[in-house]
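Everything on this sheet refers to the single structure shown next.
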Amino acid sequence: MGLELYLDLLSQPCRAVYIFAKKNGIPFELRIVDLIKGQHLSDAFAQVNPLKKVPALKDGDFTLTESVAILLYLMRKYKVPDYWYPQDLQARARVDEYLAWQHTTLRRSCLRALWHKVMFPVFLGEPVSPQTLAATLAELDVNLQLLEDKFLQNKAFLTGPHISLADLVAITELMHPVGAGCQVFESRPKLATWRQRVEAAVGEDLFREAHEVILKAKDFPPADPTIKQKLMPWVLAMIRFSLLLVMYAVPKEKQHCQGHSLACAELHMKLETRDWGKMER
Numbered sequence: 001m002g003l004e005l006y007l008d009l010l011s012q013p014c015r016a017v018y019i020f021a022k023k024n025g026i027p028f029e030l031r032i033v034d035l036i037k038g039q040h041l042s043d044a045f046a047q048v049n050p051l052k053k054v055p056a057l058k059d060g061d062f063t064l065t066e067s068v069a070i071l072l073y074l075m076r077k078y079k080v081p082d083y084w085y086p087q088d089l090q091a092r093a094r095v096d097e098y099l100a101w102q103h104t105t106l107r108r109s110c111l112r113a114l115w116h117k118v119m120f121p122v123f124l125g126e127p128v129s130p131q132t133l134a135a136t137l138a139e140l141d142v143n144l145q146l147l148e149d150k151f152l153q154n155k156a157f158l159t160g161p162h163i164s165l166a167d168l169v170a171i172t173e174l175m176h177p178v179g180a181g182c183q184v185f186e187s188r189p190k191l192a193t194w195r196q197r198v199e200a201a202v203g204e205d206l207f208r209e210a211h212e213v214i215l216k217a218k219d220f221p222p223a224d225p226t227i228k229q230k231l232m233p234w235v236l237a238m239i240r241f242s243l244l245l246v247m248y249a250v251p252k253e254k255q256h257c258q259g260h261s262l263a264c265a266e267l268h269m270k271l272e273t274r275d276w277g278k279m280e281r
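Every letter in the sequence shown is one number past the one before it in my numbering, and letter 187, counting from 1, is 187.
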């Protein structure tokens, strides 16, 4: 058996892995793991990834999880252009720097934007207060500014004159709030121009294909009660993790994030007190 990639293109890390593999002509078998149906929580998928998360990779008897690890594995195994993850020590360190930063900042705010604007109110039928949504969007705005000021600056791409893994991971992340209807690029011409460069570098058709699902997120139908009951423990665990990140990673002086932490806690308490086993069917 050759290389297998377990993906759902609703997931931003999965989109990064998918684009990288397709763009670089890496042969693989696509194994769809439908997150909306809770297939990642199945015993069958747990045999591939006990963490029950996508993406996951199987290469013969070898299995690998976590998107950055998968991207680096593919980069090292297959002959791909050096600019994705440069051999130069300092250029590579810049890519590493961005990947480390975005995992605990931009990812958190982009994921929340999607969940608070679409997944909770539309898919799960759980209303989100205006205060919670406002705090979420404020945090996203702060991190978009950091992305511009710290990483993009006046460069063509995040780490230099060529596209890298940093740009690929960043753009797939930012398409999450775009899919939720957030105005990510409209008032940020520098970011908008960068997005155009990234799309051109990976190929507009491939970019469109990879993001087709997330750009339809606002049109998701409400979840079936059985699916909702199945997903809620996973959703609650995700919120708990989000609260811990805010508690330990965000300086107290950032009032918008403090407000977001309280709003998130309020939402968590409301959801956790529900009896999901007695939902109407």
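Even for Gly, the Cβ is constructed at its ideal location relative to N, Cα and C.
Every value quoted in this text rests on a predicted model; they were computed, and no experiment measured them.
Taking the Cα of PRO177 as reference, the smallest distance to any Cα among LEU114, GLY2, ASP141, LEU146 is reached at LEU114.
Contact between TYR18 and LEU9 holds, since their C-beta atoms are separated by about 6 Å, short of 8 Å. Between the alpha carbons of PRO233 and ILE214 lies a distance of about 23 Å. Judged by DSSP secondary structure, PHE62 falls outside any alpha helix (DSSP H) and instead within the beta strand (DSSP E) spanning 62-65. The residue from ARG31, GLY181, ILE32 with its alpha-carbon nearest to that of ARG112 is GLY181.
Pairwise C-beta distances place the segment 63-82 in contact with the segment 21-38, as three or more of them are shorter than 8 Å. Listed as beta-bridge partners of LYS58 by DSSP are GLU4, THR63. Counting of Cβ neighbours within 10 angstroms places ALA223 among the buried residues, the total reaching 16 or more.
Secondary structure note for LEU144: its alpha helix (DSSP H) is the uninterrupted segment 130-146.
Within the same chain, Cβ atoms closer than 8 Å to the Cβ of VAL118 are found at GLY179, ALA180, GLY181, ALA217, LYS218, PHE220, the five residues on either side in sequence being excluded. Distances from the alpha-carbon of LEU5 to those of ARG15, LEU41, ALA56 put ALA56 closest.
At a Cβ-Cβ threshold of 8 Å, LEU3 and PRO27 count as neighbours. Nearest to ARG94 by alpha-carbon distance, out of ALA237, SER67, SER187, LEU152, is LEU152.
Nearest neighbour of ALA100 by Cα position, chosen from LEU165, ASP61, ARG15, THR136, turns out to be LEU165. In the structure shown, the three-state DSSP call for LEU174 is helix.
Approximately 19 Å separates the beta-carbon atoms of HIS116 and THR104; this is outside 8 Å, ruling out the contact. In the structure shown, GLU212 adopts coil according to DSSP, grouped into three states. Counting along the chain, no beta strand (DSSP E) covers ILE19; the unbroken alpha helix (DSSP H) around it starts and ends at 12-23. Secondary structure at GLU97: helix, using DSSP grouped into helix, strand and coil.
Listed as beta-bridge partners of GLU29 by DSSP are GLU4.
Nearest in C-alpha terms to ALA16, of all of LYS228, PRO225, PHE207, THR226, is PHE207.
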